[in-house]
Amino acid sequence: MIAQEVIIKKRDKNELSREEILFFVEGVISGKISHKQAVAFLMAFFINGISPAEITNLTQIMTETGFKFDFSKIKRPIIDKHSTGGIGDKVSIILLPILIDLGISVPMISGRGLGHTGGTLDKLESIVGLFTSFTEDEAYTMMEKNNGFIISQTENIAPADKIFYSLRDECGIVDNIGLIVSSILSKKLSEDIQGLTMDIKVGNGAFMTSLSMAEELGSKFMDFAKHANFPLTIVYSDMNEPLGKMAGNWLEIVESIDFLKGKKVDNRLKDVTYESIIQCVLLSGFELDREEIILMIEDSINSGRAYEIFEKIITSQGGHIENSYEYYKNTQEFSYIAKSSGYIQYDTYQIGLANYQLGYKNNPGNLIDYSAGFEFNFHSGDFVNQNDEVLKIKGFFPEKFEEISSLLDKAITFSDIEIEKRSSIIKVVN
Ligand code: URA
2 MIAQEVIIKK RDKNELSREE ILFFVEGVIS GKISHKQAVA FLMAFFINGI SPAEITNLTQ
62 IMTETGFKFD FSKIKRPIID KHSTGGIGDK VSIILLPILI DLGISVPMIS GRGLGHTGGT
122 LDKLESIVGL FTSFTEDEAY TMMEKNNGFI ISQTENIAPA DKIFYSLRDE CGIVDNIGLI
182 VSSILSKKLS EDIQGLTMDI KVGNGAFMTS LSMAEELGSK FMDFAKHANF PLTIVYSDMN
242 EPLGKMAGNW LEIVESIDFL KGKKVDNRLK DVTYESIIQC VLLSGFELDR EEIILMIEDS
302 INSGRAYEIF EKIITSQGGH IENSYEYYKN TQEFSYIAKS SGYIQYDTYQ IGLANYQLGY
362 KNNPGNLIDY SAGFEFNFHS GDFVNQNDEV LKIKGFFPEK FEEISSLLDK AITFSDIEIE
422 KRSSIIKVVN
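In this text, residue positions in the sequence shown follow our numbering: the first is 2, and each later residue adds one.
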């Protein structure tokens with residue numbers, strides 16, 4: 002077999018066999034197949050579509066040609082949750098210690114912010130001293146000690162995905178549903194998990210802006226689950242406004258800590274977090290109903306155990322929570338005031354871009370300003386009076402606040418007509 006043969010077959014709209022995909026993926030990893038050929042292969046998939054069998058094969062082969070954890074010594078259910086990304090989405094950070102407390106182990110390989118969305122690894126790295134890059138041996142040790150971790154993809158996990166992903170990013174081939182599904186799942190299957198809850202975000206702050214687009218993605222995940230006999234639940238959740246009160250790396254850690262300590266809890270954030278935990282517990286095989294799981298979540302928080310586990314995990318990954326509060330205590334803030342009255346509505350995509358601009362771009366030394374972000378006072382559909390403080394802009398570089406404020410003028414509108422308040426959970430499919 003030669004690479005050109007495989008590319009031509011897909012170029013001519015024929016389905017590739019498992020052997021052909023395996024040949025190609027192995028060739029890319031070994032370097033026998035060039036990156037130019039890899040782009041042609043990916044572009045052929047992008048243009049001509051990927052069949053359910055091709056998605057299953059590509060996913061499994063990308064996992065199998067890399068390192069796969071073996072957690073057979075851990076006598077607890079091993080489950081994970083993954084989100085397609087949004088603004089203010091700190092659910093993974095809150096869910097992990099609670100699931101661990103409920104008897105489930107969670108080996109979470111997570112990602113960074115993509116485009117306008119935030120990333121769990123970036124949020125965690127706002128904690129002073131914390132790192133997310135570990136070897137597989139270190140990950141095993143954390144799993145034995147803590148029953149969980151949140152780390153980045155190692156060099157050896159799904160190495161073909163690592164190469165494909167950067168080529169897709171470089172060549173405009175990211176937004177293809179089949180490639181997204183196989184990329185996400187190839188890493189998740191490396192975790193040796195027994196089930197996965199996928200939180201597919203829908204709305205103007207998500208990659209899937211409409212429910213029909215999100216359902217198309219969801220159906221591809223489900224096709225894989227059926228083909229591979231893999232337990233999967235999909236939670237479709239709303240991303241037409243930021244999730245929770247805070248958006249920004251350190252700010253989201255603060256909101257997560259408050260949640261885990263039972264202090265301040267935003268109801269929309271609570272709904273998505275609880276639903277995700279419930280679905281993970283149902284996948285674990287524990288014989289519990291929703292009401293019992295909710296009581297267990299609340300006990301985990303109110304007893305202090307959830308926060309204790311969170312702190313243990315953060316410490317194991319090098320982080321210092323107290324030092325972080327000290328480090329961020331001089332964060333500057335600016336009140337963004339409503340210029341008129343009305344029912345508030347967010348263009349969440351624009352909010353995400355403004356947040357990116359505030360924290361990631363054009364900082365001295367081009368470093369990420371982890372203190373940067375927004376603290377919201379209103380939900381979409383709330384009535385706001387002229388001169389109310391809509392939100393606080395925060396960060397270490399106040400010279401940026403005026404510019405960000407004018408970006409927010411385009412992202413936030415006030416309507417005379419009442420706007421329907423959306424529930425944060427759209428539906429659950431399994
Ligand atoms: N996240 C991934 O890991 N892969 C994609 O293709 C998109 C999002």
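Every residue, glycine too, gets a C-beta built ideally from N, C-alpha and C.
Check the DSSP bridge columns for residue i and list the partner residues they point to.
{"i": "ILE414", "result": "For clarity, residue 414 is Thr in the given sequence; the question names Ile instead. THR414 pairs with GLN346."}
{"i": "ILE79", "result": "SER106"}
{"i": "LEU17", "result": "According to DSSP, LEU17 bridges with nothing at all."}
{"i": "LEU392", "result": "TYR337, PHE377"}
{"i": "MET209", "result": "VAL203"}
{"i": "SER84", "result": "ASP200"}
{"i": "VAL385", "result": "GLY343"}
Taking residue i as part of the beta strand (DSSP E), name the residues at either end of that continuous run.
{"i": "THR198", "result": "196-203"}
{"i": "TYR371", "result": "No beta strand (DSSP E) contains TYR371, which DSSP labels as neither H nor E."}
{"i": "LYS428", "result": "426-430"}
Quick check: what's the CA-CA separation for residue i versus residue j?
{"i": "LEU244", "j": "ASN147", "result": "28 Å"}
{"i": "SER424", "j": "LEU270", "result": "11 Å"}
{"i": "GLY89", "j": "ILE9", "result": "43 Å"}
{"i": "SER285", "j": "THR234", "result": "11 Å"}
{"i": "GLN387", "j": "ILE254", "result": "31 Å"}
{"i": "ASP71", "j": "MET63", "result": "17 Å"}
{"i": "TYR350", "j": "LYS74", "result": "43 Å"}
{"i": "ASP259", "j": "VAL40", "result": "45 Å"}
{"i": "LYS184", "j": "GLU299", "result": "Just to set this straight, residue 184 is Ser in the shown sequence, not Lys. Cα-Cα distance, rounded: 34 Å."}
{"i": "PHE135", "j": "VAL385", "result": "46 Å"}
{"i": "LYS340", "j": "GLN333", "result": "22 Å"}
{"i": "GLY263", "j": "MET223", "result": "35 Å"}
{"i": "GLU1", "j": "LEU261", "result": "Since the displayed the chain opens at 2 and closes at 431, residue 1 lies outside it and no answer follows."}
{"i": "GLY103", "j": "PHE42", "result": "Strictly speaking, residue 103 in this sequence is Leu, with Gly absent from that position. For LEU103 and PHE42, the distance between alpha carbons rounds to 44 Å."}
{"i": "GLY87", "j": "ASN157", "result": "27 Å"}
{"i": "MET209", "j": "ILE178", "result": "10 Å"}
{"i": "HIS117", "j": "TYR357", "result": "7 Å"}
{"i": "SER153", "j": "ALA140", "result": "10 Å"}
{"i": "LEU96", "j": "THR274", "result": "6 Å"}
{"i": "LEU168", "j": "THR57", "result": "21 Å"}
{"i": "TYR371", "j": "LYS401", "result": "14 Å"}
{"i": "SER31", "j": "GLY114", "result": "29 Å"}
{"i": "THR142", "j": "GLU27", "result": "30 Å"}
{"i": "ASP417", "j": "ASP348", "result": "17 Å"}
Quick check on the DSSP output: the alpha helix (DSSP H) that includes residue i runs from which residue to which?
{"i": "GLU419", "result": "No alpha helix (DSSP H) holds GLU419; DSSP gives it neither H nor E."}
{"i": "ASN268", "result": "268-285"}
{"i": "GLY50", "result": "Run containing GLY50: none; DSSP gives neither H nor E here."}
{"i": "ASN303", "result": "291-303"}
{"i": "SER187", "result": "178-190"}
{"i": "LYS10", "result": "4-12"}
Hey, does residue i have any beta-carbon neighbour from chain D nearer than 8 Å?
{"i": "PHE287", "result": "No chain D appears in this structure, which consists of one protein chain only."}
>> Suppose only complete runs of 3+ residues qualify. What are the beta strand (DSSP E) ranges in the segment 212-251, listed by chain order?
In response: Entirely contained in the segment 212-251, the beta strand (DSSP E) runs reaching 3 residues are, in chain order, 233-239.
> Which residue spans inside the segment 102-168 form an unbroken beta strand (DSSP E) run of at least 3?
Replying inline: Taking only runs of at least 3 residues, the beta strand (DSSP E) segments lying wholly in the segment 102-168 are 107-110, 149-152.
>> Please give me, in chain order, every unbroken run of the alpha helix (DSSP H) with length at least 4 that falls completely inside the segment 314-343.
In response: Scanning the segment 314-343 from its first residue to its last, the whole alpha helix (DSSP H) runs of 4-plus residues come out as 322-328.
> Which residues have their C-beta within less than 5 Å of a heavy atom of ligand 1, listed in chain order?
Replying inline: That gives ILE181, SER184, ILE185.
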